Amino acid sequence: MIRLSQIPEEIIEEVRKANDIVDVIGEYVQLKKQGRNYFGLCPFHGEKTPSFSVTQEKQIFHCFGCGKGGNVVTFLMEIESFSFFEALELLATRAGIKLPDTGGEKKSSYSEENQRVLEAYEWLTKLYHHLLRYTKDGKEGYNYLSERSIDDEAIDTFQLGFAPNIRDFIVKFLEKKGFNKQLLIKAGFVTLREDNTISDRFQGRVIFPIRNHLGKTVAFGGRAIQEQGPKYLNSPESELFQKGKLLYNFDLAKRHIRKENEAVLFEGYMDVIASYQAGIKNVVATLGTALTESQASLLKRYVNQVIICYDGDAAGQEASYKAANILRKAGCEVKIAYLKDGSDPDSFIKQNGAEAFKSQVLRASDTYMTFYMRYFKKDYNLSLEAERLDYIQKILKELAMVESSLEREYYLQELSKEFSMSLDALKEELEVFRLKNGNNPDNKLQNRYTNNTVNFSRNRKLLPAHHNAERKLIYHMLQSEWVAERIQEEIGANFEVDEHKIIVTHLYAFYEERNSPDISKFIENLSDDNLKKVVTEISMTSEIEEVSEEALSDYINIVKAESSDKNIIQTLKEKLRVAEQESDPLTAAKIAQEILEIKRNSKK
Numbered sequence: 001m002i003r004l005s006q007i008p009e010e011i012i013e014e015v016r017k018a019n020d021i022v023d024v025i026g027e028y029v030q031l032k033k034q035g036r037n038y039f040g041l042c043p044f045h046g047e048k049t050p051s052f053s054v055t056q057e058k059q060i061f062h063c064f065g066c067g068k069g070g071n072v073v074t075f076l077m078e079i080e081s082f083s084f085f086e087a088l089e090l091l092a093t094r095a096g097i098k099l100p101d102t103g104g105e106k107k108s109s110y111s112e113e114n115q116r117v118l119e120a121y122e123w124l125t126k127l128y129h130h131l132l133r134y135t136k137d138g139k140e141g142y143n144y145l146s147e148r149s150i151d152d153e154a155i156d157t158f159q160l161g162f163a164p165n166i167r168d169f170i171v172k173f174l175e176k177k178g179f180n181k182q183l184l185i186k187a188g189f190v191t192l193r194e195d196n197t198i199s200d201r202f203q204g205r206v207i208f209p210i211r212n213h214l215g216k217t218v219a220f221g222g223r224a225i226q227e228q229g230p231k232y233l234n235s236p237e238s239e240l241f242q243k244g245k246l247l248y249n250f251d252l253a254k255r256h257i258r259k260e261n262e263a264v265l266f267e268g269y270m271d272v273i274a275s276y277q278a279g280i281k282n283v284v285a286t287l288g289t290a291l292t293e294s295q296a297s298l299l300k301r302y303v304n305q306v307i308i309c310y311d312g313d314a315a316g317q318e319a320s321y322k323a324a325n326i327l328r329k330a331g332c333e334v335k336i337a338y339l340k341d342g343s344d345p346d347s348f349i350k351q352n353g354a355e356a357f358k359s360q361v362l363r364a365s366d367t368y369m370t371f372y373m374r375y376f377k378k379d380y381n382l383s384l385e386a387e388r389l390d391y392i393q394k395i396l397k398e399l400a401m402v403e404s405s406l407e408r409e410y411y412l413q414e415l416s417k418e419f420s421m422s423l424d425a426l427k428e429e430l431e432v433f434r435l436k437n438g439n440n441p442d443n444k445l446q447n448r449y450t451n452n453t454v455n456f457s458r459n460r461k462l463l464p465a466h467h468n469a470e471r472k473l474i475y476h477m478l479q480s481e482w483v484a485e486r487i488q489e490e491i492g493a494n495f496e497v498d499e500h501k502i503i504v505t506h507l508y509a510f511y512e513e514r515n516s517p518d519i520s521k522f523i524e525n526l527s528d529d530n531l532k533k534v535v536t537e538i539s540m541t542s543e544i545e546e547v548s549e550e551a552l553s554d555y556i557n558i559v560k561a562e563s564s565d566k567n568i569i570q571t572l573k574e575k576l577r578v579a580e581q582e583s584d585p586l587t588a589a590k591i592a593q594e595i596l597e598i599k600r601n602s603k604k
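Residue numbers for the sequence shown follow full-length UniProt numbering, beginning at 1 and rising by one.
Okay, structure coming up:
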């Protein structure tokens, strides 16, 4: 295992300082600035009100809900289940810094078998791509992509490839690289036939590498270009590849999603590639299955608004409706692109161009309510009065769930115009449904602020005065070496709370090693996760940066008084024990009263 000491401290420091914590965490969590800090939904536990805070100034994060906290390295170790070295390596790569070769074992968060599988995927991704681009064996696949108007730049960006129609080609290639057949069969690279022979799972197919959010290939999608089995074939699911948790192209799209503040969701690889090639890069796709809650939650962490752009046929509209409801449940604002005549995004872009796709499809996307009205209209014969009324009732029930009064008014007017009905009658019926749903206007107004306000004190217990004083001293010691020296002279490590004793002891050593105040670096030096949480929580309290001499003296006196009271109580308890042994009840009662009085005063 790589030890911290094997990598020079100055290199660790350089890597950490080259990666702003807001930028790194911003690739995982949608952060919004409030005052001096940034807030978002915690990626470590489920929540609807943001309690996850990141401070750029101190380069630390802390969740006021679950208590997790630390610096940029700690965050990556937590979110990715990385070892220290893996987190440092990713940050170094991100900043263009080369880590020294330590010669030690680089511990990975992956099992040994999964590491080998990832290595095999890496080799095959390069091989399949090379065959497609530069060999006669891949010409068939290259011609297919050219016919689909996929250019060389897109082929290289997505590392598209071709598996030659040779049964044992891959087996021989990987065996030469040191991979055994049992692993290749288990991982699904090859198939074991009934006659005990082995063949490439994807032979004769165009290959679409499926990458995780870090850009590592974890599966392949294979597209048949001749009459052979299913049109699309994926790698089997495994620890590394779970279709319901990944989105195609997410690793490339996430920064564009952030930039555009919007994600476009497709159904297939070719839609994504065609859009990306056309300059629309905030695009992802599901992997041959319906959208899952896990995928919706992933999108919500990054962005509020999602445009669903599925095929325009009946199946595509049905899938759009289901996906829209899953995304709305996850808290996303949903729009649905409308493709006429049953066309699909890929063919629309090829026929009409990128600008037409942007203006006529994406920017012209329907709101969820408009889509809902059109989607269900097909189920009713609106020439019949009874069915018209049923349809209107259905729309009003859904409209009753809309919080915005302006939106409700807009759609009520649409219904009124379309069906020549009184606006007042529609409003009256809508209010009936709203009351049934428990939508009391007064409650909505009252809760508008309380529900969306981050209240970090909700889970915090009232602490004793000396406990609070110790926390305040630690806060200012973390900001100032001078304060730490003053506390060391007057109190030393005589803090009452055990965690605080350990933290200040580490802090004294930190400054003795000639470190300047740096909370992120100090946290990195702590090996105990609980201590890291305590330090980040204390650091994120809204104290002023500089403390007055008077306030500092007050905190010191409270801590000293607590220590003094403890010593006095200990002495009195010893006297009480002697009095009880000597059967002197009057003296014992007097001593017990003194102890109670000291404890009572210390709580004030």
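Using N, Cα and C, we set each Cβ at its ideal position, and we do this for glycine too.
Since the model is a prediction, treat every value here as computed from it, not as a measurement.
By DSSP's assignment, ALA224 forms a beta bridge with ARG205. Unbroken alpha helix (DSSP H) stretches of 4 residues or longer found wholly inside the UniProt domain "Toprim" (261 to 342): 269 to 277, 293 to 302, 314 to 329, given in chain order.
Counting of Cβ neighbours within 10 angstroms places GLY178 among the exposed residues, the total staying below 16.
The continuous stretches of beta strand (DSSP E) do not include VAL547, and DSSP gives it neither H nor E. Beta-bridge pairing by DSSP links ILE198 to LEU192. In the DSSP secondary-structure assignment, ALA219 is bridged to ILE210. For ILE491, the three-state secondary structure derived from DSSP is coil.
Taking the Cβ atoms as the reference, LEU412 lies roughly 5 Å from LEU426, within the contact range of under 8 Å.
With respect to SER199, ARG167 sits close: the two C-beta atoms are nearer than 7 Å. Cβ contact annotation for ALA319 (same chain, cutoff 6 Å, sequence separation greater than five): TYR310, in chain order. Within the stretch 499 to 535, the alpha helix (DSSP H) runs of at least 4 residues that lie entirely inside it are, in chain order, 519 to 525. In the structure shown, HIS62 adopts extended strand secondary structure according to DSSP, grouped into three states. The stretch 530 to 542 makes contact with the stretch 68 to 79; the number of CB pairs closer than 8 Å reaches 3 or more.
Straight through space, the alpha carbons of PHE266 and THR292 are spaced by roughly 13 Å. With contacts defined as CB atoms closer than 7 Å, ALA324 and ILE308 qualify as a contacting pair. Sequence-distant partners of CYS63 (beyond 5 residues in either direction) whose C-beta falls short of 8 Å from its own C-beta, in its chain, are CYS42, PHE44, HIS45, SER51, PHE52, SER53, GLY69.
Looking at the DSSP output, ASN234 shares a beta bridge with GLY221. Cβ neighbours of SER294 within its own chain (closer than 7 Å, five residues either side excluded): GLY244, LYS245. ALA154 is a Cβ neighbour of ILE273, given a cutoff of 7 Å.
PRO209 counts as buried, since at least 16 other C-beta atoms from the protein chains shown sit within 10 angstroms of its C-beta.
The alpha-carbon of GLY288 is positioned some 34 Å away from that of VAL22. Annotation for GLU428: no residue places its beta carbon closer than 6 Å to its own, counting only its chain and skipping 5 residues before and after.
At a cut-off of 4 residues, the continuous stretches assigned as alpha helix (DSSP H) that sit fully inside the stretch 68 to 96 are 72 to 80, 84 to 95. Rounded to the nearest whole angstrom, the CA to CA distance from PHE189 to GLU175 is 12 Å. Taken in chain order, no unbroken stretch of beta strand (DSSP E) lies wholly in the stretch 340 to 391 with a span of 3 residues or more. Taken through DSSP and simplified to helix, strand or coil, LYS32 comes out as strand.
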